[in-house]
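Following: one structure in structure tokens, then a few remarks.
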Amino acid sequence: MREEYIKEAQEIITDPNTLINVVSRRSKQLKHGNKPLVESLEKLEPEDVALREIIEGKISYQEWGESEDE
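Following numbering that gives the first Met the number 0, the residues of the sequence shown are numbered contiguously, the last one being 69.
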């Protein structure tokens, strides 16, 4: 994973464990054929694509026990 992407994503998802979980789940989806939500001129690894999606606000997450109304 690219260090600059990690740093940018940490500004959005500040908890390291949550960031790891979100990136892990999304990269698995990408590896199983889901289409990336961001465009890139270069070939990125699934983990880097997931980080770019977080940075660009293309994916969101919900903490366990939170409702969508909160």
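The C-beta atom is built at its ideal place from N, Cα and C for all residues, glycine as well.
State the DSSP-derived secondary structure class of residue i, mapped to helix, strand or coil.
i      : result
Asn-16 : helix
Arg-51 : helix
Val-37 : coil
Arg-1  : coil
Ser-26 : helix
Gln-61 : coil
Lys-6  : helix
Spatial neighbours of residue i within its chain, please: CB distance less than 7 angstroms, with the 5 preceding and 5 following residues excluded, ordered by chain position.
i      : result
Glu-46 : Met-0, Val-22 and Ser-26
Ile-11 : Ile-53 and Ile-54
Glu-7  : Ile-54
Going along the chain, which residues of its own chain have a beta-carbon closer than 8 angstroms to the beta-carbon of residue i, five neighbours each way excluded?
i      : result
Leu-29 : Pro-35, Pro-45, Val-48 and Ala-49
Ser-39 : Val-48 and Arg-51
Which same chain residues, not among the five before or five after residue i, have their C-beta less than 6 angstroms away from its C-beta?
i      : result
Tyr-60 : Val-21
Is there at least one non-hydrogen atom of the ligand HEM closer than 8 angstroms to the beta-carbon of residue i?
i     : result
Glu-2 : As for the ligand HEM, it is missing from this structure, which has no ligand bound.
Item checked: Segment contact flag, the region 15–26 with the region 46–53, C-beta cutoff 8 angstroms, min 3 pairs -> yes
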